[in-house]
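Notes for the one structure printed next.
Numbering (full-length UniProt numbering), first residue to last: 1 to 277.
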């Protein structure tokens with residue numbers, strides 16, 4: 001075995017060990033706590049459960065507060081689907097214009113796109129605006145908030161991907177009589193599948209896991225999302241850590257499944273446009 005192969009083997013082993021420590025150990029801790037009794041889980045010790053209560057804890061979480069977790073999953077699903085759909089459509093169109101059209105306003109638009117990644121959201125002014133337009137504590141208002149938060153990142157991904165799409169395709173479609181709308185939706189959009197999958201998976205996980213947004217802009221038990229249900233089992237005076245970690249485990253499963261099945265598409269979309277432009 002050559003020195004290069006030995007070095008690659010060592011690096012691979014180190015990467016696996018780091019992944020185990022960073023990802024699998026915390027996940028194992030959550031599973032063990034979710035299977036404990038209330039007294040056993042209150043110590044927060046990384047130990048084997050004295051008495052397995054996994055399925056009773058699961059049933060207790062699913063039935064807590066008249067099935068709040070089911071309503072929260074439905075709200076999170078609606079919020080995620082609506083927000084990500086808007087992100088894909090708006091960012092794809094914006095990225096196409098920024099990549100194809102050169103104008104004196106281009107640097108200004110790019111500045112505001114980058115500012116969306118850097119400038120933190122202002123909670124109080126945003127609430128004031130939502131109250132003014134009658135969208136505070138409503139699902140459409142929360143969808144617009146999540147879309148705005150993720151739009152800058154999505155625009156950068158789409159703009160980079162458009163640098164790999166030849167402009168000759170646009171010219172050929174125009175010569176065949178395609179208008180701007182038909183050109184984009186029938187010619188350009190089908191070519192964006194790798195980056196679209198990346199945006200859908202990454203932003204779906206981000207919106208699904210968002211805690212601060214629904215807490216500030218979508219309060220109330222009727223509007224509860226999966227992240228805000230954590231308050232149900234943890235309070236100032238009393239906490240049921242076994243049920244809390246069971247809730248965390250249930251919330252973790254959908255993003256984990258998404259990353260497992262779409263890992264290659266995520267990498268392909270993130271690296272698109274890295275060579276050109």
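Cβ coordinates follow ideal geometry from the N, Cα and C atoms, glycine included.
Pair within 7 angstroms by beta-carbon distance, residue i and residue j
i	j	result
residue 225	residue 76	yes
residue 116	residue 159	no
residue 228	residue 243	no
residue 87	residue 203	yes
residue 53	residue 37	yes
residue 99	residue 185	no
residue 280	residue 246	The first residue shown for the chain is 1 and the last is 277, placing residue 280 beyond what the model contains.
residue 45	residue 241	no
Three-state secondary structure (DSSP) of residue i
i	result
residue 103	coil
residue 121	coil
residue 255	helix
residue 96	helix
residue 136	coil
residue 26	helix
residue 108	helix
residue 226	coil
residue 219	coil
residue 126	helix
residue 210	coil
residue 149	helix
Paired residues, beta bridge with residue i - DSSP
i	result
residue 239	234
Option in the options with minimal Cα separation from residue i
i	options	result
residue 34	68, 50 and 184	50
residue 130	36, 260, 9 and 218	218
residue 173	187, 223 and 124	187
residue 110	60, 185 and 97	97
residue 205	112, 155 and 256	256
residue 167	157, 156, 39 and 191	191
| query | Which full runs of the alpha helix (DSSP H) of 4+ residues lie inside the stretch 29-86, going along the chain? | reply | 38-41
task = List in chain order: all unbroken alpha helix (DSSP H) runs of 4+ residues lying wholly within the stretch 158-203.
result = 168-175
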